[in-house]
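Engineer: Under UniProt numbering, the residue at position 228 of the sequence shown is numbered 228, and the numbers go up by one with no gaps.
By construction, the Cβ of each residue, glycine as well, lies at the ideal position given by its N, Cα and C atoms.
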Amino acid sequence: MKIKDTALTIDTVSINEEDTIHDLIGLLVEKRLAPPQMMHDLTVKGYEKLKKEHLRLSRLFWSTDKAYLSNAHISITLTRKKEVPSLANQMLLDYSKAVGAVKRYDEALEAFAVRPGTVFFVQEESDQYLLRRELQTIEVFRFDTQYEAAFREEDRDPFLTIELKSRDELTKEELKWVRTIMFPSRHRRNPLFHLNHPPISQQHIDMITALIHHMADIIGEFEGTTTHLESTDTHLPTYVQLGTAASIGYIEKSQLEGIR
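1. Would the stretch 165–181 and the stretch 144–156 be scored as touching if the rule is three or more Cβ pairs under 8 Å?
2. CA-CA distance, residue 137 and residue 113?
3. Which ranges does the beta strand (DSSP E) cover as unbroken runs of at least 3 residues, wholly within the stretch 132–184, from first to last along the chain?
4. Do you know offhand how far residue 46's Cα is from residue 166's?
5. Buried or exposed, going by whether 16 or more other CB atoms sit within 10 Å of the CB of residue 14?
6. Between the beta-carbon of residue 129 and the beta-carbon of residue 215, is there less than 8 Å?
7. Which one of 115, 42, 122 has the shortest CA to CA distance from residue 210?
8. Counting Cβ pairs closer than 8 Å, one from the stretch 91–103 and one from the stretch 178–188, do we hit at least three?
9. Mapping DSSP to helix, strand and coil, what is residue 112?
10. Give the DSSP-derived three-state secondary structure of residue 29 in the structure shown.
11. Grab the span of the beta strand (DSSP E) containing residue 245 for me, first residue to last.
12. Based on DSSP bridge pairs, tell me the residues matched to residue 67.
13. Can you tell me which residues form a DSSP beta bridge with residue 191?
14. Please classify residue 126: is it buried, with 16 or more other beta-carbons within 10 angstroms of its beta-carbon, or exposed?
15. Among residues of its own chain, excluding the 5 on either side of residue 230, which ones have a beta-carbon nearer than 6 Å to its beta-carbon?
16. In terms of residues, what are the limits of the alpha helix (DSSP H) holding residue 209?
17. Restricting to Cα atoms, I'd like to know which of 139, 56, 228 is closest to residue 19.
18. Below 7 Å CB to CB, which residues in the same chain sit around residue 186 once its five sequence neighbours on both sides are set aside?
19. May I ask which residues mark the beginning and end of the beta strand (DSSP E) holding residue 37?
20. Output the boundary residues of the beta strand (DSSP E) element that contains residue 124.
21. To the nearest angstrom, report how far apart residue 146 and residue 224 are at their CA atoms.
22. If you compare alpha carbons, which of 232, 27, 222 is closest to residue 109?
23. Hey, how far is the Cα of residue 27 from the Cα of residue 218?
Rendered as structure tokens:
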């Protein structure tokens, strides 16, 4: 982490990614790198609308390897320490609920057709995502920073991809890993998780589980109402949850573009 203040000095400190922004501010004040009065009204790029004090630093790296905080007095750059991604690094996480969500999603697709390339809008409280259904993957995009990418025909670069393979499609290494979380399925229900900025965490897995369930909820809601489900140039299938209330339907694309 580099801190640059108005005196143009640069200092570097380290902090655990599971600490919060509140912890970060406390560390900077404790090390006398910034006085308390300079730490008010910090803006976190990409998270301007969220309450920031208790936001975990790991959340800032879901789609990037750098994060930026600033106000009129100070500029802070957070850089995640790079780690080499591997399937072995994922073995200590709990995938049981994610496996169940993938099974439910695949069963929903078997019951009701969803055109490849369909983009879903999903919101849980202030967290907003676009999810793109492809034949063998689910691509996840952050609504606020990756909106245009979700609709491209190529070069989309989602921050997270869930690859779904049948048992026969798995490589030897993939099959070995899948066997640590489930009995390999002959259907495309064997999930492989690809995060653009690893390592993947339990928080990611829990988020993935919820998003896949919401996709299945949407598909189930529309089953029997039309011949198939798809997004168009004017509307997207959507799931919005605020508090205990959830709604499923279509949202106008122009409305989404208006709230970005």
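Structural biologist: So, to answer that:
1. no
2. Within the sequence shown, the letter at position 137 stands for residue 137. Within the sequence shown, the letter at position 113 stands for residue 113. Roughly 15 Å between the two C-alpha positions.
3. 137–142, 160–165
4. Residue 46 sits at position 46 when you count from the first residue of the sequence shown. Residue 166 sits at position 166 when you count from the first residue of the sequence shown. Distance between the alpha carbons of residue 46 and residue 166: 37 Å.
5. As a working note, residue 14 is residue 14 in the sequence shown. So residue 14 counts as exposed.
6. Here residue 129 corresponds to residue number 129 of the sequence shown, with the count starting at 1. Here residue 215 corresponds to residue number 215 of the sequence shown, with the count starting at 1. Contact: no.
7. The sequence position of residue 210 within the sequence shown is 210, counting from 1. Out of 115, 42, 122, 122 has the C-alpha closest to the C-alpha of residue 210.
8. These segments touch.
9. Against the sequence shown, residue 112 aligns to sequence position 112. In this structure, residue 112 counts as coil in the three-state DSSP scheme.
10. One-based indexing of the sequence shown puts residue 29 at position 29. Reduced to three states, the DSSP call for residue 29 is helix.
11. In the sequence shown, counting from the first residue as 1, residue 245 sits at position 245. Its beta strand (DSSP E) spans residues 245–252.
12. Start at 1 with the first residue of the sequence shown, and residue 67 comes out as number 67. In DSSP, residue 67 forms a bridge with 78.
13. Taking the first residue of the sequence shown as position 1, residue 191 is located at position 191. 164, per the DSSP bridge assignment.
14. Indexing the sequence shown from 1 puts residue 126 at position 126. So residue 126 counts as exposed.
15. Locating residue 230 in the sequence shown gives position 230, where the first residue counts as 1. Cβ within range, chain order: 115, 118.
16. Taking the sequence shown and counting its residues from 1, the one referred to as residue 209 is at position 209. Unbroken alpha helix (DSSP H) run through residue 209: 202–222.
17. Your numbering for residue 19 matches position 19 in the sequence shown. Of 139, 56, 228, the residue nearest in Cα terms is 56.
18. Here the question's residue 186 lines up with position 186 in the sequence shown. Cβ within range, chain order: 166, 167.
19. Within the sequence shown, residue 37 is the residue found at index 37, counting from 1. Neither: residue 37 is in no beta strand (DSSP E) and is coded neither H nor E.
20. The residue labelled residue 124 in the question sits at position 124 within the sequence shown. Looking at the DSSP string, the run of the beta strand (DSSP E) that includes residue 124 is 118–124.
21. The sequence position of residue 146 within the sequence shown is 146, counting from 1. The sequence position of residue 224 within the sequence shown is 224, counting from 1. In a straight line, the C-alpha of residue 146 is about 32 Å away from that of residue 224.
22. In the sequence shown, counting from the first residue as 1, residue 109 sits at position 109. With distances taken between Cα atoms, residue 109 lies closest to 222.
23. By 1-based counting over the sequence shown, the position of residue 27 is 27. By 1-based counting over the sequence shown, the position of residue 218 is 218. The alpha-carbon atoms of residue 27 and residue 218 are separated by roughly 44 Å.
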